[in-house]
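In the working numbering, the protein residues as written are 327 to 523. Even for Gly, the Cβ is constructed at its ideal location relative to N, Cα and C. Please read these numbers as outputs of a predicted model, since none were measured by experiment.
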Ligand SMILES: C[S@@+](CC[C@H](N)C(=O)[O-])C[C@H]1O[C@@H](n2cnc3c(N)ncnc32)[C@H](O)[C@@H]1O
């Protein structure tokens, strides 16, 4: 099954609960500017645009950005700005919400620190990060592919130690399937954290 099928299916999936939680937590006095990191076909970007956010959405995949551009309707180039780019090269605007649903763990481990620094610097105080990280028990982590960024819980908490108040961490450690129906063991942490510095 193709990348295209994956992106079509992702549009039908529910927006993940931590993104909804992030909307309740974000300081409402901040500009409604958000970034969708590794946006795929843009389910979350569209959700945020519909809630009045200006959304800068990027993905390394041309197919993903073509899909989001097609779905963007009247938001496209008004409040929704899709772009082909990578985690470490994207120029993050000052924002109040950064969403990284099932994406950041695809960052090359050698580039993760740079990408994370850029993400945290661009988030305004009172703004919220929500997104997923991959844990050691994930079947992809166990393959030792070398192209994924894997975190222990302690390493993950360290990422947020200085500048954030962690609102919630949800750990998912069980058998499951991918959107393309392939069985795998998922071990992910979903985090919502508010920038406090
Ligand atoms: C599992 S999908 C999630 C897509 C979307 N966030 C969602 O929840 O539907 C992961 C996405 O990360 C993107 N990605 C992987 N490596 C990337 C990189 N280095 N820079 C930007 N995007 C990347 C992939 O192209 C893919 O669209």
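What are the boundary residues of the beta strand (DSSP E) that residue i is part of?
i           : result
residue 500 : 490-503
residue 398 : Element bounds for residue 398: n/a, residue is neither H nor E.
residue 362 : 359-363
residue 406 : 406-410
residue 386 : Element bounds for residue 386: n/a, residue is neither H nor E.
residue 516 : 509-521
Rounded to the nearest angstrom, how far is the Cβ of residue i from that of residue j, given a contact under 8 Å?
i           : j           : result
residue 505 : residue 336 : 6 Å
residue 515 : residue 471 : Actually they do not touch by this definition, with Cβ atoms about 19 Å apart.
residue 424 : residue 408 : About 16 Å separates the two Cβ atoms, so there is no contact after all.
residue 451 : residue 522 : 7 Å
residue 355 : residue 381 : About 19 Å separates the two Cβ atoms, so there is no contact after all.
residue 421 : residue 378 : The pair is not a contact, with the Cβ atoms about 14 Å apart (cut-off 8 Å).
Within the continuous alpha helix (DSSP H) that includes residue i, where are the two ends?
i           : result
residue 374 : 369-376
residue 461 : Premise fails: residue 461 is in no alpha helix (DSSP H) and is neither H nor E.
residue 344 : 343-351
residue 339 : No alpha helix (DSSP H) contains residue 339, which DSSP labels as neither H nor E.
residue 326 : No information on residue 326 is available, as it lies outside the stretch 327 to 523 that the chain covers here.
residue 379 : Looking at the DSSP string, residue 379 is not in any alpha helix (DSSP H), and its letter there is neither H nor E.
* Runs of alpha helix (DSSP H) wholly within the stretch 412-437 (minimum 4 residues, chain order) -> none
* To do: Could you say if the stretch 361-368 and the stretch 421-429 meet the contact criterion of at least three C-beta pairs nearer than 8 Å?
  => yes
* To do: Please confirm if the stretch 494-514 is in contact with the stretch 452-461, defined as three or more CB-CB distances below 8 Å between the two stretches.
  => yes
* To do: Answer yes if the stretch 335-349 comes into contact with the stretch 489-508, meaning at least three C-beta pairs across the two stretches below 8 Å, and no otherwise.
  => yes
* Is there contact here, the stretch 409-418 with the stretch 434-444, by at least three beta-carbon pairs under 8 Å? -> yes
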